[in-house]
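The block underneath contains the structure these notes are about, expressed in structure tokens.
Laid out in structure tokens, this is it:
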């Protein structure tokens, strides 16, 4: 096959090729797509061929590149649209004000909050520092381009085991320790520099992430209602103003790179797909954008995300039913010699596109100038529904909007999928081990141990609005909290709480119940601090959708998310799908990361997880503890395989939410922590560590007829441990009964030890200081 | 003068990012703060109504952040841009006893400007101290407790009793105060004799206690100092982050009042300005 004959150089002044689709065979069409790296399949290439046949000319390289971007998996969700529509879309839609780069929901009568959650997985696997940093940069632009002030970051991260022997690191993959450090450094250096607090997240280690780490980034913003701005033109004649950093070769084909599996030479071949971040261009860019918007100078606004100029120019016009004329000559470049198609699809960071009316142009350019932010006019909105691009006085791209930006409809596109039958193996019987030792080992376990090493790298207090911190407890004795709370408005005590969760061990065993559990945990965490769950975001990280079993996992997870969220009346305000999280050796466990946002009516009533005083009663509140040991940290520790993962009951959860929130409202609760990884034992441990106060409980009334190790370490959903203020037991019990919230009094806070009994027989007795030492050092010891 | 007439310039350049909460701190106390970009003082790219002069203000504050990215020593670029054109004005401003506050990155800027430590002159040509990389070699965001050790010279702490213990949190990578190594002791003696040491890091019992209570390894546990006149003050921890009690990291354990430990810094300087001008 001689491809060269199909690429015809069009002129000598700059690099532009005409691509001869007319004379290309099917095989050659695929080869063209491969060579250009645009990841279009045969049917799509044929569709393009037909289109240009009607136009009676062959396309230029820039036109094919543009279509590659516009139609890629990343942009159009072609594998995910059907299952998402079937299960996840359409829940409580009336709450969503709009859903563009970020979802928007009412915060109070004068304000909206908005939020977005995305993956930046492949770039971070290849270049962890740059990949993570630009992930942060990208998500903040999504918030700013709605007209909102960013107020919080959320960073869920997933890596292979930190102690992985070097011989087990697959070829072309970086060691998890290197990735972990690089990613955290990247988030720190970018997030801290632009002055947005990193409030929440998750750090999880599992063999499945060795070949393909996951880096998800979320951001929340706040705005006055009248400041909401849309990513679409208002009228023909609106001027495109390019604002921010220069355009370079970094981040070319980022979109198409995200839509294929990682291979062992991804390092070599895909480095250019990772953008380079520059927070000190971004920080003033946020200022000018928000200032221009607040002053009402903008007609439309969009950030440069996947697909670069190509997507931005197209979508701003298309969504308003117009077209665009763009002149590439004015685009500021990082280096000379870029081909026009490179300028058109580059995903260089720190760029925004303003649409401005003629009369406001000078004012906008002046504001940009004051902050030393580059701003140039690059084109205008036109009536015809056509995109035209000019370069050095030549027209080099001309395509109909409906074809180009509208893209192919994949609404009925259904990838084949198979749903795994639940594995039925009989759990083998085993003797109860020494539980003092088990608890110590669990606390040492990296997925349970103290995450201070990560959290303190991030400034979680900048902007001064963080009223409940990610680490809670006595000064320098802090422990993990369930959710973080910010107070976004100067003149109101109303707060926003945020948390992010997924349990990959549940997911790999049962994607349906695993997904339900993620939503349960999200609600549990929000309620623990006193927040009423308000909205959800999902970042769906899965394997290769062309493999039916991976697609099956996706279907099951979506079904679970949809069922749970619908029963609770919680909308998904925004989300992201990331497929192809596979490398040569491993696929990631299905990882639908769930971020939850809750509303706190008055932040002065918030509750934290640390035990407050000696002599207070301790309650277990919520669903019955059951033998649901599949995917538990306990089984993982002792090497037993379990079938049944925790199940979920929306009715019980709803009652509990009501019960606990009304007790917090009445200020009866001293501390509250949800029961998750490691069960009741780990939950109580974390509470005692944060308060530096002991606890004595008896398991007699917990989960009738269960073995006491199951009672202690089961990770059944919808449960909390709650410490009640002195003298408030009766009132608390009455309130919970009224709300049909199940509870058992199981013990009290004491001096210095954590003592756990089962029907008066002591099974665990450890000093709080001792378990603290074990728990707090794991990550420090590895990372230094 | 009256509190509401006190004009405070919250100075900023690209990468300044604690300006909003610093602005809020003054605003909440009834003063009149204003965001001022350095270019407005340098009269670059400004319309006439945007031009400002340091003498338009009764107080300057340089907030925290990563000015110009801080890719070289923290605060160095901000200070260089300021000093080249405003050096003389600043010297005059300080001589006339107008107060200047630098928090975190702002402390770094004041040090790079040569306004701090300001032991025997208002401004030195080259920096006389440095805020070096933390001993832990990393950025750390953590609660810190400060003991007020000033005997009354510093105009930013005149409302705080001596030896009072205050929770004011830190978040920085370069906060270790160092003087020329061969003169550390000499400098310390002068600072103490001049009553220029304002805050030291301590533990909850008020003892000097090393890491993590001293988050950066700062010489002699120093967290904040003022110049010999007492009107230029720099500190690494962020008083604007504990303006309210509800911003304290452990407030759910110690609910007392609405007043946070950092608020008195702002109250003190406003009190000083109202009485002095």
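Chains as they are written, first to last, in the numbering used here: chain A, 11 to 794; chain B, 35 to 311. Every residue, glycine too, gets a C-beta built ideally from N, C-alpha and C.
Taking a Cβ-Cβ threshold of 9 Å, the residues of chain B close to residue 379 of chain A are 79, in chain order.
Looking at A:493, A:519, A:156 and A:148, the one whose alpha-carbon comes closest to that of residue 654 of chain A is A:519.
With respect to residue 516 of chain A, residue 505 of chain A sits apart: the two C-beta atoms are not nearer than 7 Å.
Excluding its 5 nearest sequence neighbours in each direction, residue 605 of chain A has C-beta neighbours in its own chain below 6 Å: 127, 164, 228, 510 and 547, listed in chain order.
If you look at residue 768 of chain A, you'll find it in the beta strand (DSSP E) that goes 763-768.
Going by C-alpha positions, residue 159 of chain A is about 17 Å away from residue 469 of chain A. When the beta-carbon positions are compared, residue 302 of chain A and residue 399 of chain A stay at least 7 Å from each other. Bounds of any beta strand (DSSP E) do not take in residue 270 of chain B, whose DSSP letter is neither H nor E. Comparing alpha carbon positions, the residue from A:693, A:237, A:699 and A:372 closest to residue 305 of chain A is A:237. In this model, residue 172 of chain A and residue 465 of chain A are separated by some 17 Å (Cα to Cα).
Neighbourhood of residue 622 of chain A in chain B, by CB distance below 8 Å: 286 and 287, in chain order.
Distance from residue 140 of chain B to residue 97 of chain B at the Cβ level is roughly 6 Å; contact confirmed, criterion being Cβ atoms closer than 8 Å.
Rounded to the nearest whole angstrom, the CA to CA distance from residue 581 of chain A to residue 117 of chain B is 54 Å.
The DSSP-derived three-state label of residue 149 of chain B is coil.
Within 10 angstroms of the beta-carbon of residue 589 of chain A lie 16 or more other beta-carbons, which makes it buried. In this structure, residue 691 of chain A places its C-beta atom within 7 Å of the C-beta atom of residue 722 of chain A. For the pair residue 143 of chain A and residue 362 of chain A, the Cα-to-Cα distance works out to about 17 Å.
The beta carbon of residue 794 of chain A does not come within 7 Å of any beta carbon belonging to chain B, so the residue lies off that interface. Of all residues in the region 466-498 of chain A, only 466, 467, 468, 469, 470, 471, 472, 473, 474, 475, 476, 477, 478, 479, 481, 482, 483, 484, 485, 486, 488 and 497 place a beta-carbon less than 9 Å from a beta-carbon of chain B. Look at residue 532 of chain A here: in three-state DSSP terms it is helix. Within the region 441-499 of chain A, the beta strand (DSSP E) runs of at least 3 residues that lie entirely inside it are, in chain order, 476-478 and 494-496. The beta carbon of residue 88 of chain B is closer than 6 Å to those of 123 and 127 in its chain, skipping five residues each way along the sequence. When DSSP states are grouped into helix, strand and coil, residue 247 of chain B belongs to the coil group.
With fewer than 16 other CB atoms across the displayed protein chains lying within 10 angstroms of its CB, residue 403 of chain A is exposed. In this chain, residue 574 of chain A is not harboured by any beta strand (DSSP E); it is covered by the alpha helix (DSSP H) spanning 558-578. Cβ-Cβ distances below 6 Å link residue 652 of chain A to 437, 639, 640 and 645 in the same chain, with the five nearest sequence neighbours on each side left out; the list follows chain order.
Closest in alpha carbon position to residue 120 of chain A, among A:454, A:498 and A:35, is A:498.
Short of 6 Å from the beta carbon of residue 557 of chain A, and not among the five residues preceding or following it, lies no beta carbon of its own chain. For the pair residue 698 of chain A and residue 621 of chain A, the CB atoms are nearer than the 7 Å cut-off. Judged by DSSP secondary structure, residue 300 of chain B falls outside any beta strand (DSSP E) and instead within the alpha helix (DSSP H) spanning 297-310. DSSP places residue 55 of chain A in the helix class (H, G or I) of the three-state scheme. Contact annotation for residue 586 of chain A against chain B: no contact, minimum CB-CB distance about 27 Å [criterion: below 7 Å]. Contact with chain B is absent for residue 315 of chain A, since none of that chain's Cβ atoms lies less than 7 Å from the residue's Cβ. Ranked by how close their Cα comes to the Cα of residue 250 of chain B, the residues B:260, B:262, B:129 and B:270 have B:270 in first place. Contact between the region 180-195 of chain B and the region 156-170 of chain B is absent: fewer than three C-beta pairs spanning the two stretches fall below 8 Å. Contact between residue 180 of chain A and residue 169 of chain A does not hold, since their C-beta atoms are separated by about 14 Å, which reaches or exceeds 8 Å.
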